[in-house]
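*Asks:* In this text, residue positions in the sequence shown follow full-length UniProt numbering: the first is 1, and each later residue adds one. For every residue, glycine included, the Cβ atom is placed at its ideal position computed from N, Cα and C. One structure, pasted below without further comment.
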Amino acid sequence: MITNTEIEKRGNLYPNHIVDFRQDNDKLYFTTQNGVILELTVLRDSAIRFRYATEHAFEPDFSYAISEDASKGYNELEVLDEIPEFVIITSKIKIHINKTNLKVEITDLNDLVINEDEFGFHWEENYDYGGNIVKMTKVTQSAESFYGMGDKASHTNLKGKRINNWVTDSYAYGKDQEPLYKSIPFYVGLHSDAAYGIFFDNSFSTYFDFAHERRNVTSFWADGGEMNYYFFYGPKISQVVEAYTDLTGVPELPPLWALGFHQSKWSYYPEKKVKKIASTFRELKIPCDAIYLDIDYMEGFRCFTWNNRRFPNPKKMVDDLYEDGFKTVTMIDPGIKIDRDYWVYKQAMDNGYFCRRADGPHFKGKVWPGECKFPDFTNPEVREWWAGLYKEMIAEVGVHGVWNDMNEPAIMEVPTKTANLDVRHDYDGHPCSHRKAHNIYGMQMVRATFEGIKKYTFPKRPFVLTRAGYSGTQRYCATWTGDNVATWEHLWIANVQMQRMCMSGYSFVGSDIGGFAEQPNGELFARWIQLGVFHPFCRVHSSGDHGEQEPWSFGDEVTDITRKFIELRYQLLPYLYTMFYKYVKEGVPMLQSLVYYDQEDTQTHFRTDEFLFGEQILVCPVQEANAKGRRMYIPKGKWYNYWTEEVVDGGIEKWVSADIDKIPLFIKAGAIIPKYPIQQYVGEKEIRELKLDVYYKEGVETSTVYEDQQEGYDYKKGRFSLRKFRQRGKENELIMQQFKDGSYITTYETFKLQFHGLPFKIENIEVDNEMVDLKSINFDGGNSIEVSKDFTELHIFGQ
Ligand code: GLC
Numbered sequence: 001m002i003t004n005t006e007i008e009k010r011g012n013l014y015p016n017h018i019v020d021f022r023q024d025n026d027k028l029y030f031t032t033q034n035g036v037i038l039e040l041t042v043l044r045d046s047a048i049r050f051r052y053a054t055e056h057a058f059e060p061d062f063s064y065a066i067s068e069d070a071s072k073g074y075n076e077l078e079v080l081d082e083i084p085e086f087v088i089i090t091s092k093i094k095i096h097i098n099k100t101n102l103k104v105e106i107t108d109l110n111d112l113v114i115n116e117d118e119f120g121f122h123w124e125e126n127y128d129y130g131g132n133i134v135k136m137t138k139v140t141q142s143a144e145s146f147y148g149m150g151d152k153a154s155h156t157n158l159k160g161k162r163i164n165n166w167v168t169d170s171y172a173y174g175k176d177q178e179p180l181y182k183s184i185p186f187y188v189g190l191h192s193d194a195a196y197g198i199f200f201d202n203s204f205s206t207y208f209d210f211a212h213e214r215r216n217v218t219s220f221w222a223d224g225g226e227m228n229y230y231f232f233y234g235p236k237i238s239q240v241v242e243a244y245t246d247l248t249g250v251p252e253l254p255p256l257w258a259l260g261f262h263q264s265k266w267s268y269y270p271e272k273k274v275k276k277i278a279s280t281f282r283e284l285k286i287p288c289d290a291i292y293l294d295i296d297y298m299e300g301f302r303c304f305t306w307n308n309r310r311f312p313n314p315k316k317m318v319d320d321l322y323e324d325g326f327k328t329v330t331m332i333d334p335g336i337k338i339d340r341d342y343w344v345y346k347q348a349m350d351n352g353y354f355c356r357r358a359d360g361p362h363f364k365g366k367v368w369p370g371e372c373k374f375p376d377f378t379n380p381e382v383r384e385w386w387a388g389l390y391k392e393m394i395a396e397v398g399v400h401g402v403w404n405d406m407n408e409p410a411i412m413e414v415p416t417k418t419a420n421l422d423v424r425h426d427y428d429g430h431p432c433s434h435r436k437a438h439n440i441y442g443m444q445m446v447r448a449t450f451e452g453i454k455k456y457t458f459p460k461r462p463f464v465l466t467r468a469g470y471s472g473t474q475r476y477c478a479t480w481t482g483d484n485v486a487t488w489e490h491l492w493i494a495n496v497q498m499q500r501m502c503m504s505g506y507s508f509v510g511s512d513i514g515g516f517a518e519q520p521n522g523e524l525f526a527r528w529i530q531l532g533v534f535h536p537f538c539r540v541h542s543s544g545d546h547g548e549q550e551p552w553s554f555g556d557e558v559t560d561i562t563r564k565f566i567e568l569r570y571q572l573l574p575y576l577y578t579m580f581y582k583y584v585k586e587g588v589p590m591l592q593s594l595v596y597y598d599q600e601d602t603q604t605h606f607r608t609d610e611f612l613f614g615e616q617i618l619v620c621p622v623q624e625a626n627a628k629g630r631r632m633y634i635p636k637g638k639w640y641n642y643w644t645e646e647v648v649d650g651g652i653e654k655w656v657s658a659d660i661d662k663i664p665l666f667i668k669a670g671a672i673i674p675k676y677p678i679q680q681y682v683g684e685k686e687i688r689e690l691k692l693d694v695y696y697k698e699g700v701e702t703s704t705v706y707e708d709q710q711e712g713y714d715y716k717k718g719r720f721s722l723r724k725f726r727q728r729g730k731e732n733e734l735i736m737q738q739f740k741d742g743s744y745i746t747t748y749e750t751f752k753l754q755f756h757g758l759p760f761k762i763e764n765i766e767v768d769n770e771m772v773d774l775k776s777i778n779f780d781g782g783n784s785i786e787v788s789k790d791f792t793e794l795h796i797f798g799q
């Protein structure tokens, strides 16, 4: 990988003094004597875009990352023209632009330096390809930490690391291996209890150096394109992540079944085998919602075909599986087999949809079917065609979801593992080479897939999964972390990857539970399932080369443990769905690293293992063999051990017991956790009662429960049910208030409230200002009652 020092030696060019300043509403232009223009856009009071041109000219402004729904508008913008700098002031920050060298310094309103240029913007002419290698160096502040950056298999805190974003098929990758399957050039910096974020929106190969090469310097650069980055000020990490997520977008709500458990393998075939796997789930009463067909369902790996010997009647199979609650998900890869008798190939040839090399011939590469050609998904016409190809599979056969794989694109038998760099792309009317389009190729493929699945699944909701991705891909689909390995180290990696992805705006994410390559032993599988049920996307997948990896493949004890944890996930579905709702609505990541949860507590800055599932459940996986528990850090506040109900005062590291059938799991005091009954699949049972686990706290805590039809788009017309609960605990009393929004009528009439940790014995209950007869609410003399779902205020009195 190219290093900072190397590129600097090659001769850098730097901006010199500012000779011109111009303001055009929210855009400020600073031009230097040697032809550099800084275009500074004030997007929001704490979100600023910095864009640099050399030679007095910008290329057309175009990005695949930015969401059409991104918020805009600021409250305040003042520009001071002073000596020796310009100062731009919003209601949140001040930006100083040095007049002699264009260097930028950003402070908060109390003049605390949040982020400052070291050399700042500089560049180097790329004599091999033309254009600039664009570079930015910043000062690393004292005790600064760095988070985010997508799927990196490294410590959650990236301080001291060097990374590269070049979307790559990385079979059996290792810890700290670079690059991986995604390019998410966004990081969060934290120092002095103030967080900021930088999103370097550049689709070329990008590099980030977090105080690795020089202790006091953090830099990022790209092999081409523009120096074009967004700066977000917090001061809370949550504000930074929400601002980045707002800019790059969120998905729509998935169908609820997509949050259930999924079983996959390369490959389940023939049909009999698929049905056998499905029926075994039902026999053993292990909940499962989806079953996957990997490449072997196709005829000679030709996308959009079926192997009729293995699957003589796909529609009937998909229907039969559906009868039993299983949704079928099929794989589609980008490589189209070169075969003149194959309709997809012919259509693409006839219409000129395949990518070409610089001098004209089609680009060819080997993948599963042998030699293939590759559609140029950066061409809108190609995307529309590709979306239409799904008609038969979805609208006629009835398949429920699609996973796009190998979309980096992965090419076999070449050292670069991908397309040649001279391959041409349309890039939505901005023609370019693969150097620029590589990192967004998979994203544009899955975007087209999403459009197709959405169209043919309507009025239901689509489910799409991708392996490759760039910032913004989260708008279209879920993702998984590729070909991991069945090792304890990979369990650790899966944990940090999911937290890191969530911190990078991409929450709908999961790992191949148990590991893709190699085979886990029962203990590793059990520990991985215990973690995997707390990841937003929960799927077992394996290469199939090394044996079976179904929940029952490791003996009865592991089968029972797996069932117990998948059941827990199904009980927690309303909680998980509410997490998804908050992600979609407010950009709140579905998993929170401890530093996100409590950045003020410096103990959290270098923790990797513990995380929050949603906002009120603390999870910490056991990551080694033969463990009976582990040491972990409990963040500040009071927490209930889920298994023992013991209340722990956080802010300490402690040993927590967790034998093979448990994972350290804590519920935040004051939380109200909604639960559904155990179902074998989403929708198996009509929900007759919503269980609410109420964890007493002396003080106040609010909780939310979001529900809707679990499918379809009625929720967009207001047909949802959003309940906010406020719990206030006192010495002898607990008050619960409910605030409701939305017009969806839930199928149940009552809540079953289960109180945990009440410091008193229940004596009387008042519902909406009326004392109730305890019998009328099924009070069992213990700690649970049934009340109407419509109450607004509940008082529990005790002695
Ligand atoms: C890739 C995918 C993996 C899949 C295999 C065969 O390795 O990452 O999930 O099973 O290809 O399609």
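DSSP on glycine 174, reduced to helix/strand/coil?
*Replies:* As a working note, residue 174 is residue 174 in the sequence shown. Here glycine 174 sits in coil by DSSP.
*Asks:* State the DSSP-derived secondary structure class of histidine 425, mapped to helix, strand or coil.
*Replies:* Counted from its first residue, the sequence shown places residue 425 at position 425. Looking at histidine 425 - three-state DSSP - the assignment turns out to be strand.
*Asks:* Do phenylalanine 186 and phenylalanine 199 have their beta-carbon atoms positioned less than 8 Å apart in this structure?
*Replies:* One-based indexing of the sequence shown puts residue 199 at position 199. One-based indexing of the sequence shown puts residue 186 at position 186. Cβ atoms of phenylalanine 199 and phenylalanine 186: closer than 8 Å.
*Asks:* Cα separation between glutamate 676 and lysine 752?
*Replies:* Start at 1 with the first residue of the sequence shown, and residue 676 comes out as number 676. Start at 1 with the first residue of the sequence shown, and residue 752 comes out as number 752. A quick correction: the sequence has tyrosine, not glutamate, at residue 676. Cα-Cα distance, rounded: 11 Å.
*Asks:* Touching or not, the segment 473 to 489 and the segment 413 to 428, by the rule of three or more beta carbon pairs under 8 Å?
*Replies:* no
*Asks:* In the structure shown, what three-state DSSP assignment does arginine 447 receive?
*Replies:* In the sequence shown, residue 447 corresponds to position 447, counting from 1. Correct three-state label for arginine 447: helix.
*Asks:* To which residues of the same chain is methionine 1 closer than 6 Å at the C-beta, ignoring the five residues directly before and after it?
*Replies:* For this step, residue 1 is matched to residue 1 along the sequence shown. Reliability of the predicted coordinates at methionine 1 is poor, the pLDDT of 48 falling under 50, and the value obtained from them is presented with this limitation in mind. So the qualifying residues of the chain are Asn164.
*Asks:* Can you name, in chain order, every residue of its own chain whose Cβ lies under 6 Å from the Cβ of valine 113, other than the five neighbours on each side?
*Replies:* If you number the sequence shown from 1, residue 113 lands on position 113. Here the set comprises Thr107.
*Asks:* Report the residue from Glu548, Lys564, His605 and Asp649 whose alpha carbon sits nearest the alpha carbon of isoleucine 237.
*Replies:* What you label residue 237 is simply residue 237 of the sequence shown in a count that begins at 1. The candidate whose alpha carbon is nearest that of isoleucine 237 is His605.
*Asks:* Could you give the DSSP three-state label for tyrosine 230: helix, strand or coil?
*Replies:* Along the sequence shown, read from residue 1 onward, the residue named residue 230 stands at position 230. Tyrosine 230 falls in the strand class under three-state DSSP.
*Asks:* According to DSSP, what are the bridge partners of histidine 17?
*Replies:* Counting from one through the sequence shown, the residue named residue 17 turns up at place 17. Note: histidine 17 sits in no beta bridge, so no partner.
*Asks:* Closer than 6 Å by C-beta to aspartate 512: which residues in its own chain qualify, once you throw out the five before and the five after it? Chain order, please.
*Replies:* Position 512 of the sequence shown holds residue 512. Correct list, in chain order: Asn484 and His541.
*Asks:* Report whether the distance from the Cβ of serine 504 to the nearest heavy atom of ligand 1 is below 7 Å.
*Replies:* Along the sequence shown, read from residue 1 onward, the residue named residue 504 stands at position 504. No, the beta carbon of serine 504 sits no closer than 7 Å to any heavy atom of ligand 1.
*Asks:* DSSP three-state call for proline 185: helix, strand or coil?
*Replies:* The residue labelled residue 185 in the question sits at position 185 within the sequence shown. Here proline 185 sits in coil by DSSP.
*Asks:* I want to know whether the segment 298 to 306 touches the segment 375 to 385 - three or more CB-CB distances under 8 Å.
*Replies:* no
*Asks:* Considering only residues of the segment 548 to 596, which uninterrupted beta strand (DSSP E) runs meet the minimum length of 3 residues and lie entirely inside it, listed in chain order?
*Replies:* Counting whole runs of 3 or more residues, the segment 548 to 596 contains the beta strand (DSSP E) stretches 591 to 593.
*Asks:* Identify which residue in Ile95, Tyr744, His795 and Gln710 has its Cα closest to the Cα of glutamine 737.
*Replies:* Counting from 1 along the sequence shown, the entry for residue 737 is found at position 737. When only C-alpha atoms are compared, the closest one is His795.
*Asks:* Can the beta-carbon of isoleucine 286 be found less than 8 Å from the beta-carbon of isoleucine 566?
*Replies:* As a position in the sequence shown, residue 286 is number 286, starting the count at 1. As a position in the sequence shown, residue 566 is number 566, starting the count at 1. Cβ distance < 8 Å, so isoleucine 286 and isoleucine 566 count as in contact.
*Asks:* Thinking C-alpha only, which one of Glu408, Ile777 and Gly249 is nearest glutamate 786?
*Replies:* Taking the first residue of the sequence shown as position 1, residue 786 is located at position 786. For the residues Glu408, Ile777 and Gly249, the minimum Cα distance to glutamate 786 belongs to Ile777.
*Asks:* Expressed to the nearest angstrom, what Euclidean distance is found between the alpha-carbon atoms of aspartate 289 and arginine 309?
*Replies:* Residue numbering aside, residue 289 sits at position 289 when the sequence shown is read from its first letter. Residue numbering aside, residue 309 sits at position 309 when the sequence shown is read from its first letter. Whole-angstrom Cα-Cα distance: 26 Å.
*Asks:* Taking 8 Å as the threshold (C-beta atoms), are asparagine 407 and alanine 448 in contact?
*Replies:* Position 448 of the sequence shown holds residue 448. Position 407 of the sequence shown holds residue 407. No. Outside cutoff.
*Asks:* Please tell me whether threonine 330 and leucine 389 are closer than 8 Å, where the distance is taken between their beta carbons.
*Replies:* Looking up residue 330 in the sequence shown gives position 330. Looking up residue 389 in the sequence shown gives position 389. Not in contact: threonine 330 and leucine 389 (Cβ atoms no closer than 8 Å).
*Asks:* Might you give, ordered along the chain, the residues of its own chain that have their beta carbon closer than 8 Å to the beta carbon of glutamine 754, omitting 5 neighbours on each side?
*Replies:* Start at 1 with the first residue of the sequence shown, and residue 754 comes out as number 754. If we look at glutamine 754 and ignore the five residues flanking it on each side, its Cβ neighbours are Lys691, Leu692, Asp693, Val694, Asn783 and Ser784.
*Asks:* Assign valine 700 to buried or exposed, taking buried as 16 or more other Cβ atoms, counted over all protein chains shown, within 10 Å of its Cβ.
*Replies:* Locating residue 700 in the sequence shown gives position 700, counting from the first residue. Exposed.
*Asks:* Three-state secondary structure (DSSP) at methionine 1?
*Replies:* Here residue 1 refers to the residue found at position 1 when the sequence shown is read from its first residue. Interpretation of methionine 1 is limited by its pLDDT of 48, a score under 50 that renders its predicted location unreliable; no figure is taken from the coordinates.
*Asks:* Indicate whether serine 504 and glycine 150 have their beta-carbon atoms separated by less than 8 Å.
*Replies:* On the sequence shown, position 504 is the one that residue 504 refers to. On the sequence shown, position 150 is the one that residue 150 refers to. Yes, the Cβ-Cβ distance between serine 504 and glycine 150 is below 8 Å.
*Asks:* What does the alpha-carbon distance come out to for the pair alanine 669 and glutamate 518?
*Replies:* Counted from its first residue, the sequence shown places residue 669 at position 669. Counted from its first residue, the sequence shown places residue 518 at position 518. Using only the alpha carbons, I get a separation of about 41 Å.
*Asks:* For alanine 143, count neighbouring Cβ atoms within 10 angstroms of its own Cβ and tell me buried if that reaches 16, exposed if not.
*Replies:* Taking the sequence shown and counting its residues from 1, the one referred to as residue 143 is at position 143. Exposed: under 16 other Cβ atoms inside 10 Å.
*Asks:* From Phe50, Thr156, Arg340 and Asp780, pick the residue whose C-alpha is nearest to that of tyrosine 229; which is it?
*Replies:* Translated into the one-based positions of the sequence shown, residue 229 becomes position 229. The candidate whose alpha carbon is nearest that of tyrosine 229 is Phe50.
*Asks:* Quick one: Cα of asparagine 157 to Cα of leucine 722, how far?
*Replies:* Numbered from 1 along the sequence shown, position 157 holds the residue referred to as residue 157. Numbered from 1 along the sequence shown, position 722 holds the residue referred to as residue 722. Cα to Cα, the separation comes out at about 35 Å.
*Asks:* What would DSSP say about glutamine 754, mapped onto helix, strand or coil?
*Replies:* Taking the sequence shown and counting its residues from 1, one reaches residue 754 at position 754. Residue state, collapsed to three classes: strand.
*Asks:* Over what stretch of residues does the beta strand (DSSP E) that includes glycine 629 continue unbroken?
*Replies:* Numbered from its first residue, the sequence shown carries residue 629 at position 629. Segment 629 to 634, the beta strand (DSSP E) holding glycine 629.
*Asks:* Taking 7 Å as the cut-off, does the CB of arginine 302 come closer than this to any heavy atom belonging to ligand 1?
*Replies:* As a first step, residue 302 is located in the sequence shown; it is residue number 302 there, counting from the start. The answer is no for arginine 302.
*Asks:* Quick one: Cα of valine 423 to Cα of aspartate 359, how far?
*Replies:* Working through the sequence shown from its first residue, we reach residue 423 at position 423. Working through the sequence shown from its first residue, we reach residue 359 at position 359. In a straight line, the C-alpha of valine 423 is about 9 Å away from that of aspartate 359.
*Asks:* Under DSSP, the beta strand (DSSP E) around cysteine 538 begins and ends at which residues?
*Replies:* By 1-based counting over the sequence shown, the position of residue 538 is 538. Looking at the DSSP string, the run of the beta strand (DSSP E) that includes cysteine 538 is 538 to 540.
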